[in-house]
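Here you go:
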């Protein structure tokens, strides 16, 4: 059976497994104090053109968002996010479980607007009762968004300007960052992200790793005693090498970017085929997630041969499905899918 | 340089790596809903002689303790533990961060006594002011303890009897469980643990895995919507296969027990050598951690050639160090260490 | 200067102060275990026509909402509320601080609709990913709402039916409950609320008390060890008598209802005068809060002589202000205000 | 029946009630922004000889401790306290519920020793694993202690010196502060406390108020947006006047000190009588709580005529009871008790 269900259905890129095997019996210190973590950090700093960046490796996206947000906010603050932001919808309330409200803004194809953000912040500070409300303490965006869309460089810069005018950090969830950076036509690069954002993470789990996200604080602004904070959240890995070796491999010889580009090429092939066959792609996604509108009967038939994610029912006759490509997607599988369509 | 610093200085047992490589490109569902997780659970149920057990795989010990305790306690309850219990001393306050007090009992070589537990619980319920105090809502023990010591079957049964008389669960932290089960002379088995305890975890990180702990609820008592609780704590791995494959391998052909036995053999070799050379082992540890009393000068000299953990200074002239063996310890390294001593 | 700023600008009804003075030197047990708390509970049970109700006295509205919601929800659950619900907007994130998300529904004049609630709950349970989301664990409504509006008996019954179909409690915030119950034309009574809701509070702070809210669990469903939960939230008053004596007084000879009726009479007088003078009341409020549309210049002039609450600016030329009457409002002040208008 | 059960069995000092009555119909702003709160603060600043002090009024002791500690600590820090400290034993886990561990030190008649504190802090910072532990982030003491004992000026100064050497705040729980300050022989004054401590509260509930504690930050160090933090904890009183008027009255013409002195005089009368009659006072308490050793039979007999607090059973033949005097204790009741003894 074919599967475009998600970008985390396979294990890890083979070079990662190979490096895990090669280094397996080396005796290394625990908790991220090993040479591979160090090397990975150094390579990520270079890729971000940010020699001062502090970096911490964690195992998953919800974990990284929760810890970053909890560590950056003061107790009386909440995080501003799009109504469709992952932190607001699909993290089982992890942000609130750790004490903070998600302050929702409207979404536009998954993105928030700098102008609306500015108006929101202004309104808050002008409200006579704001001391009885949750203070907006940081801004969360995802790039690519949950809808596969991307911010432009100008949009990122505007969000950054607004945040800094109000002295709150801008945080970017890069669960699928590689796929965003390799999208044709984007003018956003890793150094631009490091410049605009006060914290962000480079996703590994969905981009070739077994597990792992690299949380970056580009401005010497990692919260004090961050290791202790991570431990307190139950997220400090004893064998930190598992994360260090993976990111060291991903950031050697541009592997992270190469495998991301492959996923994008597969996604574009898929998209072109879908359009060519007369189907519509809802949402103009330039990344590895494509959203296809199918008649219900077609959907039911396809489902028997292809694993896909149900997205929504726009009306009683149609179904939107999400297809995801990844570093591991094979061209022959894309072609097989298009033949079935 | 030799290292007996801890039991997590190497990667994973080679069979685990091999299985990760072999299964790497299989397309599997996420979040633990894959065939390897299922197989691993089935094998663990057999090893526990407990066909009804619910099992959940998590990545680390502090994480597992935090989530199990938070899920089993009601908000107004705390967890009873030895003063030296890992949850009370070395988890950066993760239990309290999630809202619960650790209620400390005296420790006897790292263990708590059934009699003292009973007296503590009795005193609580007789206290006229107990509604103004933290309710003892469960009991935490570690086996082996932080001092390498073991409960006997009779001691476990007594703790279990006391807990059940007061209708609170008994929870066992098995970060190094394999090393406890393979200790010569122990009369505690996995089925006995499954019978006496209401929840426990079988440690993988320190016993041959890259990461991973198997949390077992032997009595159809896994808290409802546990997956959501795990997600809310940021601990749900997208690629659950990483944990499933490791535990499936560890519980195939008794690998977990074999490699644990090896560590114990190495520990006993080490211990005999130490005693033979006229040194004293503080704490009578029958497991993979040995605590050696050294004169300060000897300690300083050894330190240049062997990585060890500083334990404590019993007086101004001496130092106690901890030496840990593991599934990966080589006999030649034990001999080399003894030669240096 | 005249003031219609809020319904908590004066102290307490004189009968309350008199009873505090009369009972002052009686020696009473602490923490709510006194005869006045008992009597107040008994009288409230009668007023609710609910002989089984458990009642607990707390000091303020945010405190009561926070504790009731925290005690009724499981950790992985959130509370459903109108976007304009007090818990979502003006409690400084107290609900989230205690670990729970507020799941927002649309508001219609401050109210939620039974139909939309049902659709929301249905959608949640049908979503394949609901285990990755916050579970709707209870429903919060305010009566009167933040806009002064009221549910009808039929609307309350529908919300109750929906909640019970999904096995979640319906909770009513009655900060201004007296003013709602005495509104002309309402068909909602205290016994109806006790029948429809699983928990609710009868507001004292805004209805004649110095401080105090009576939290009612009408169905023998007070969470176990609730006193301990209250203490843990820092909300257990040592001199519980302060709350008991106040509610005992308010529920003697219908004082609570009489003084509420007075506030409504004053509000209606105010409203009639405002309309008569050609001003518009935004929001059709039948309770003690009236929302008046003023030209900016008129607003600026009035402000110099009358304390009012700024509500919003519907356009650049106008301002909406809120005027609140209370148990303590004097008819001569209403007339003085109308003369100024 | 006589009662020496606690110091909160009566209502409030009559001057407080009188002021509440006199000011009752004044229209005042809510949330502590009224003239009486201002006046009370100004008088407290004078009494503390600390013109810069920030002061916030709260309703109870556990509430004040919880909020002060939660606001002063960083998330990864805990509060150091005596094993017998109220925060560790009798606050239902409120500190832990808000995320922080209580780090226990030995107690000496309810007090902690500066030397032991210094050793504890030194040990923490020297421990190689301290990043895996809870950081000691502040020190909690009570004065008088739970055993009625008092620190000397020299002891307070030493604790202050140690805290400041480690850059952590010293916090004093003054639930019964008046009784401590009026104890014969003490060399501790309010200005000395304001100088030694970084935060402390002046207890009202047990010293003549209906409810209320004045939390003092003497060094311009009130946490930012403290009102919002208080609201988030559900502790912001709408009618802040209730607290302001009480403290304004207590700090007018030294009322607080006068009524405290009365309680001490009654306690000394009680103590002398007890000793004269041949009974032993356990614990050398110079304040309003006295601890008397009784034979069980005597205890049973007395209990029928006097309400007292059971304290402990030192052996099977004896019982220790606690007798508390207060601002409201009548000399004739002390004499009646002594006659019964």
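Protein chains in written order, with the numbering used here: chain A, 1 to 341; chain B, 1001 to 1341; chain C, 2001 to 2341; chain D, 3001 to 3341.
Built from N, CA and C at the ideal position, the CB exists for glycine as well.
Just so it is clear, the structure is predicted and the values come from calculations on it, not from any experiment.
Distance, residue j Cα to residue i Cα
i: residue 3214 of chain D; j: residue 3096 of chain D; result: 23 angstroms
i: residue 3251 of chain D; j: residue 2017 of chain C; result: 22 angstroms
i: residue 3058 of chain D; j: residue 2155 of chain C; result: 39 angstroms
i: residue 3221 of chain D; j: residue 3053 of chain D; result: 8 angstroms
i: residue 1029 of chain B; j: residue 2103 of chain C; result: 29 angstroms
i: residue 2131 of chain C; j: residue 3219 of chain D; result: 49 angstroms
i: residue 2321 of chain C; j: residue 2266 of chain C; result: 17 angstroms
i: residue 2119 of chain C; j: residue 39 of chain A; result: 52 angstroms
i: residue 78 of chain A; j: residue 117 of chain A; result: 14 angstroms
i: residue 1060 of chain B; j: residue 3084 of chain D; result: 34 angstroms
i: residue 3274 of chain D; j: residue 3285 of chain D; result: 13 angstroms
i: residue 1331 of chain B; j: residue 1280 of chain B; result: 21 angstroms
i: residue 1081 of chain B; j: residue 190 of chain A; result: 47 angstroms
i: residue 2073 of chain C; j: residue 150 of chain A; result: 37 angstroms
Expected contact under 8 angstroms - CB spacing of residue i and residue j to nearest Å
i: residue 2264 of chain C; j: residue 2288 of chain C; result: 6 angstroms
i: residue 3283 of chain D; j: residue 3179 of chain D; result: Not confirmed; about 15 angstroms, so no contact.
i: residue 3259 of chain D; j: residue 3208 of chain D; result: 5 angstroms
i: residue 3066 of chain D; j: residue 2234 of chain C; result: 4 angstroms
i: residue 2227 of chain C; j: residue 2237 of chain C; result: Not confirmed; about 11 angstroms, so no contact.
i: residue 1013 of chain B; j: residue 1311 of chain B; result: That pair is no contact at about 27 angstroms.
i: residue 1027 of chain B; j: residue 305 of chain A; result: Not confirmed; about 14 angstroms, so no contact.
i: residue 2168 of chain C; j: residue 2138 of chain C; result: 5 angstroms
Check whether residue i and residue j have beta carbons under 7 angstroms apart
i: residue 3307 of chain D; j: residue 2232 of chain C; result: no
i: residue 2223 of chain C; j: residue 2071 of chain C; result: yes
i: residue 2245 of chain C; j: residue 2023 of chain C; result: yes
i: residue 2055 of chain C; j: residue 2041 of chain C; result: yes
i: residue 325 of chain A; j: residue 294 of chain A; result: no
i: residue 3136 of chain D; j: residue 3176 of chain D; result: no
i: residue 36 of chain A; j: residue 241 of chain A; result: yes
i: residue 2239 of chain C; j: residue 2188 of chain C; result: no
i: residue 1004 of chain B; j: residue 1323 of chain B; result: yes
i: residue 270 of chain A; j: residue 334 of chain A; result: yes
i: residue 121 of chain A; j: residue 337 of chain A; result: no
i: residue 2087 of chain C; j: residue 2171 of chain C; result: no
Buried/exposed call for residue i, threshold 16 Cβ in 10 Å
i: residue 3006 of chain D; result: buried
i: residue 75 of chain A; result: buried
i: residue 1107 of chain B; result: buried
i: residue 2248 of chain C; result: buried
i: residue 1100 of chain B; result: buried
i: residue 1025 of chain B; result: exposed
i: residue 1142 of chain B; result: buried
i: residue 1277 of chain B; result: exposed
i: residue 2034 of chain C; result: buried
i: residue 3164 of chain D; result: exposed
Inset, instruction - Flag this pair as touching only if the stretch 1107–1122 of chain B and the stretch 2195–2213 of chain C have three or more C-beta atom pairs under 8 angstroms; answer yes or no. - result: no
Legend entry - Contact the stretch 2017–2029 of chain C vs the stretch 2166–2186 of chain C: 3+ CB pairs below 8 angstroms: no
Inset, instruction - Inspect the CB distances between the stretch 1048–1064 of chain B and the stretch 1191–1199 of chain B and report whether three or more fall short of 8 angstroms. - result: yes
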